[in-house]
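**Q**
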Amino acid sequence: LPSHLTASGRAILAALPKSQVRALYPNAAAFTARHEVEGAIMKYSALSSHLDQVRQRGYATEHGEVTPGFGSIAAAVTDHLGWPTAAVAVTFLEDKLPADQWPMLAARVQKVADELSVRIHGRPAK
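Every letter in the sequence shown is one number past the one before it in the numbering used here, and letter 42, counting from 1, is 42.
1) Report all residues from its chain with a CB closer than 6 Å to the CB of Ala-87; omit the five preceding and five following residues, and keep chain order.
2) Can you check whether the C-beta of Val-118 is within less than 8 Å of a C-beta belonging to chain D?
3) Does the segment 28 to 48 come within contact of the segment 105 to 114, defined as at least 3 CB pairs closer than 8 Å?
4) Compare the Cα-Cα distances from Tyr-25 to each of His-35, Arg-34, Ala-46 and report the closest residue.
5) When DSSP labels each residue in this structure, what does Arg-106 get in the three-state scheme?
6) Looking only at its own chain, which residues have a Cβ that is under 7 Å from the Cβ of Leu-93, when we skip the five neighbours before and after it?
7) Rounded to the nearest angstrom, what separates Gln-20 and His-50 at their Cα positions?
8) With 16 as the cutoff for other CB atoms within 10 Å, does Pro-103 come out buried or exposed?
9) Within 10 angstroms of its Cβ, does Val-66 collect 16 or more other Cβ (buried), or is it exposed?
10) Can you give the beta carbon distance from Pro-84 to Leu-16, rounded, assuming they're within the 8 Å contact cut?
11) Start and end of the alpha helix (DSSP H) containing Ile-41?
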């Protein structure tokens, strides 16, 4: 799956330098969608803005962009240099987890990602 569509991909992209993300998405042809979703990220400016939000809050989300009705939350696992090596993600039926509970789940995902980062001698999120 294209990294700009998934929560885990977005978490990893947010941990990369902006210049590297730009190199991965040089033009509109680099973007694809699995199906029509309102608000889907289909251009670099939208991706860049979204990744800024991910960097700020420490986790990424996805609302039905991969599979309608499913949401995901993810956080990056980083190595000793701060480079992303993996992501921890959970996917769920959106109608089973109210939006006000997403931050609580995100905190748990971030905690696991930080623990894994430490275990591989990496850097936990700031």
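Heads up, the beta-carbon is just placed ideally off N, CA and C, and yes, glycines get one too.
**A** With the given structure in hand:
1) Within the sequence shown, the letter at position 87 stands for residue 87. Closer than 6 Å at the Cβ level, and outside the excluded window around Ala-87, lie Ser-8, Ala-11, Ile-12, Ala-74, Ala-76.
2) Among the chains of the structure shown, chain D does not appear; only one protein chain is present.
3) no
4) The residue given as residue 25 occupies position 25 in the sequence shown. If we check each option's Cα against that of Tyr-25, Ala-46 comes out closest.
5) For the purposes of this step, residue 106 is identified with residue 106 of the sequence shown, where counting begins at 1. For the record, residue 106 in the displayed sequence is Ala; it is not Arg. Ala-106: helix per DSSP, three-state reduction.
6) Here residue 93 refers to the residue found at position 93 when the sequence shown is read from its first residue. Closer than 7 Å at the Cβ level, and outside the excluded window around Leu-93, lie Gly-69, Phe-70.
7) Counting from 1 along the sequence shown, the entry for residue 20 is found at position 20. Counting from 1 along the sequence shown, the entry for residue 50 is found at position 50. So the alpha carbons of these two residues sit roughly 16 Å apart.
8) On the sequence shown, position 103 is the one that residue 103 refers to. Result: exposed.
9) Looking up residue 66 in the sequence shown gives position 66. By the neighbour-count rule (16 or more Cβ atoms within 10 Å), Val-66 is buried.
10) Translated into the one-based positions of the sequence shown, residue 84 becomes position 84. Translated into the one-based positions of the sequence shown, residue 16 becomes position 16. With a Cβ gap of about 7 Å, Pro-84 and Leu-16 count as contacting.
11) By 1-based counting over the sequence shown, the position of residue 41 is 41. Counting along the chain, Ile-41 falls outside any alpha helix (DSSP H), and DSSP gives it neither H nor E.
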